[in-house]
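Take 317 as the starting number for the sequence shown in the numbering used here and just add one per residue.
To start, the structure itself, in structure tokens.
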Amino acid sequence: MDSQAEVATADDDKPEIGLGDLLAPVRGSLILACALQAIGSLAGVIPFIAVAELGRELLDDADSDRLWTIVIVAAVALVVRIGFFFAAAGVTHFADNDFQLAIRRRIAAHLGSLPLGWFDDHDAGDVNKLMADDVAAMHPIVGHTFIDITNTAVTAIASMVYLFVIDWRMALITLIPFVAGLGLYGLMMSGYTERMETYNQSLADVNSASIEFVQGIAVVKTFGQSGRAHDRYRTSTSGFISSFWEWVKGLLRVASLSDLVLSPLATLTTISAAGIFFVDRGTLSIGDLLVFLSIGLAMTAPVLTLGFAANDMQIAGAAAGRIAAVLATPPLPQAADPIVPATNELRLDGVSFGYGEDAPVVLHDVDLSFEPGTLTAVVGPSGSGKTTLGRLLCRFWDPTAGSITLGGVDLRDIESAEMYRRVGFVFQDVQLIRASVADNIRLARPDATMDQVRAAARAAQIHDRIEELPGGYEAVVGEGATLSGGERQRLSIARAIIADTPILVLDEATAFADPESEAAVQDALSTLVAGRTLIVIAHRLSTITGADRIVVLDAGRVVESGTHQELVDAGGLYSNQWAADSRVRTEVG
Ligand code: ADP
């Protein structure tokens, strides 16, 4: 389902949204933070230079005034460093607050503009993960990455400039562990994403094997298959262990090597070895060697912090990618000059539709018109495109070819709010809000009176059940009021009745999910149809025999259309299905 969803939302002209674009609201703060960090990093190099200078002074008969000056300069630089680092981190953390708010608002606004069909493929959990977890996971990027990189770069460049001034040969040698460490680090990161994917895949295998094992435990025990069930679990865990080991082995080797090369000890050893060589030959003073030992340490420390943050940065990068992908999903186009339709006649002309560019065509060249005040049932085998047709009528998606018009106006030229005042729907995914049952029913018309609310509930066959709730109509959904799936559906039908849209598209299978007498279902349908166009996506034939017209879909094409009797007489797909259903009904009954 999910991969299909990706196809459905993928579009060739999807705008590319990069990290720079996501970070646009805090660009100024990030630049300021990097500038503060750069000053702090420059100041941070000074104490190291001071230590080296102190050493040099002490070696050549120091003058105590000069020594004190160096100490004071170092102390001041240290304070400046701390102050500026603190300020930079403060700026990025405030920026992160602003960023999280801005990006959440942007995601929320974008979600509001997406086709309703997008929400069929992405549930509340997906949206919550995106808005809460993924946004929060970007913290390292805004809060740390930029200032950490600035710190590493400025410290390294400033140190190198100073070292080259002192002795270019030694400066080049000091660079060796630094460059080697960075090279190894790059090696460690290359192919990281693919390795992470293999790792995630085997982790997912273990999870599904565990779930399968736990869920099936009763069956497994009953049928004495525990050995087999254990096997699947065992295979997937050993698969996980070996892929984890492969991943960690490669990573550990390179990571420990790069840590070793960049460690203060390795830097000091390299510099000492080369230094002693030059000092021996009389081409380097001991004082200058001290400079290299001290500054060498200053350079490697920030690189190590970057290494530690690498994992967080990978996670943050992946989260940013998911956010960017949703933001890049094209919104449902809105009419530039909306037209208000004069009537409520709904028509489809040559409508074809596929979920995405390369996905199979689900509806082929459908022509239909729904006369105001009639009940049309859409039936057909599973997968024939009934649900898709119902969703297109409510503009969950736009047709790939052809047009759907309301009062002669293409749905794409009608303002969304205007359209949903005219077209209502009751589909599977009923959204109830945490409010009283009455408020849930009058959601579309908050000024509806209690009498109207009760009348709607009666028509939707839910009134008696509501009366039984503690608090009745005032019971709060999710607190006092616990409703079954079918009851929630009826509540949403009551809501649709109050909303009083001239056209109502209803999914019969879910709307009447409770085992109810067919008479009650028929009653509910006839109440609903009063004065409006009702389109019922029907999964059972017995409830819609009274429809004004039955449209039969097969493999995405309209193959028959007529009243129940006409279709039974015609002897086609409908009549075969009706005969088969009747046999089942007689046998069961
Ligand atoms: P019906 O309601 O008649 O069972 P549907 O309209 O649900 O048929 O499905 C028609 C076809 O469209 C099926 O092949 C189904 O797999 C496909 N389909 C339905 N929903 C989606 C979706 N969100 N993304 C991709 N394909 C879909």
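Where a beta carbon is used, it is the ideal one built from N, C-alpha and C, also for glycine.
Worksheet item: So, residue 393 versus residue 362, is the Cβ gap smaller than 7 Å?
Response: Yes; because the gap between Cβ atoms is below 7 Å, this pair is in contact.
Worksheet item: Measuring from the CB of residue 703, is there a heavy atom of ligand 1 at a distance below 6 Å?
Response: Yes, the Cβ of residue 703 comes within 6 Å of a heavy atom of ligand 1.
Practice prompt. Go through its chain and collect everything with a Cβ distance to residue 420's Cβ below 8 Å, but skip five positions before and after it.
Written response: Excluding sequence neighbours, residue 420 sits near 447 and 451.
Discussion item. Check this for me: beta carbons of residue 520 and residue 549, under 7 Å apart or not?
Written reply: no
Worksheet item: Who pairs with residue 722 in a beta bridge, going by DSSP?
Response: 662 and 725
Worksheet item: If you measure from the CB of residue 671, is any heavy atom of ligand 1 nearer than 6 Å?
Response: For ligand 1, at least one heavy atom lies less than 6 Å from the Cβ of residue 671.
Worksheet item: Is the Cβ of residue 878 closer than 7 Å to any Cβ of chain D?
Response: Absent here is chain D; the protein component of the structure consists of one chain.
Discussion item. Nearer than 6 Å: is that true of the beta carbon of residue 439 relative to any heavy atom of ligand 1?
Written reply: no
Worksheet item: Which residue or residues does DSSP assign as beta-bridge partners of residue 668?
Response: 717
Discussion item. Rounded to whole angstroms, what is the Cα-Cα separation between residue 490 and residue 504?
Written reply: 22 Å
Worksheet item: Three-state secondary structure (DSSP) at residue 737?
Response: helix
Fill in: Rounded straight-line distance, which links the Cα of residue 652 to that of residue 325
With a pLDDT of 39 at residue 325, under the threshold of 50, the predicted position of this residue should be treated as unreliable, though the coordinate-derived value follows. Approximately 22 Å between the Cα atoms of the pair.
Item to complete: Could you check if residue 711 is buried or exposed, using at least 16 other CB atoms within 10 Å of its CB as the buried criterion?
Response: Answer is buried; the Cβ neighbour count reaches 16.
Practice prompt. Out of 877, 530, 558 and 470, state which residue places its alpha-carbon closest to the alpha-carbon of residue 511.
Written response: 558
Practice prompt. Quickly, what does DSSP pair residue 513 with across the bridge? List them, please.
Written response: Paired residues: none, contrary to the question.
Worksheet item: What residue does the beta strand (DSSP E) around residue 760 start on, and which one ends it?
Response: Note, residue 760: premise wrong, no beta strand (DSSP E); not H, not E.
Discussion item. So, under 8 Å CB-CB, residue 487 and residue 480 are touching, yes? Tell me the CB distance rounded to an integer number of Å.
Written reply: The beta carbons of residue 487 and residue 480 sit about 4 Å from each other, so the pair counts as a contact at 8 Å.
Worksheet item: What residues match up with residue 865 in a beta bridge as DSSP calls it?
Response: 692
Worksheet item: Which of the three DSSP states, helix, strand or coil, is assigned to residue 849?
Response: strand
Worksheet entry | Closest by C-alpha distance to residue 803, when choosing among 777, 813, 684 and 717 | 777
Fill in: Residue from 739, 740 and 758 with nearest C-alpha to residue 748
Out of 739, 740 and 758, 758 has the C-alpha closest to the C-alpha of residue 748.
Item to complete: For residue 656, verify whether its CB is less than 6 Å away from any heavy atom of ligand 1.
Response: no
Discussion item. With DSSP as the reference, identify every bridge partner of residue 823, one or two as the case may be.
Written reply: 853
Worksheet item: Is the stretch 848-859 touching the stretch 694-706, taking contact as three or more C-beta pairs under 8 Å?
Response: Output reads yes: the stretch 694-706 touches the stretch 848-859.
Worksheet item: Are there 16 or more other CB atoms within 10 angstroms of the CB of residue 561, so buried, or fewer, so exposed?
Response: exposed
Item to complete: Return the CA-CA distance between residue 706 and residue 740, expressed in angstroms with no decimal places.
Response: 11 Å
Worksheet item: Between residue 877 and ligand 1, is the CB less than 6 Å from at least one heavy atom?
Response: Residue 877: no, Cβ never under 6 Å from ligand 1.
Discussion item. Let me make sure I understand the geometry here. Which of 571, 566, 529 and 791 has the alpha-carbon closest to that of residue 553?
Written reply: With distances taken between Cα atoms, residue 553 lies closest to 529.
Worksheet item: Is the stretch 430-449 in contact with the stretch 712-726, if contact means three or more CB pairs nearer than 8 Å?
Response: A contact exists between the stretch 430-449 and the stretch 712-726.
Worksheet item: Apart from the five residues on each side of it in sequence, which residues of its chain come closer than 7 Å, Cβ to Cβ, to residue 383?
Response: 370 and 373
Practice prompt. Note the first and the last residue of the continuous alpha helix (DSSP H) segment covering residue 811.
Written response: 801-815
Discussion item. Comparing C-alpha positions only, which one of 635, 886, 869 and 702 sits nearest to residue 444?
Written reply: 635
Worksheet item: In this structure, does DSSP put residue 787 in helix, strand or coil?
Response: Coil.
Discussion item. Measuring straight from C-alpha to C-alpha, what distance separates residue 863 and residue 678?
Written reply: 25 Å
Fill in: Sequence-distant residues of its chain with Cβ nearer than 6 Å to residue 407 (five each side left out)
345, 348 and 349
Item to complete: Over the uninterrupted beta strand (DSSP E) stretch that includes residue 677, give me the two end residues.
Response: 677-686
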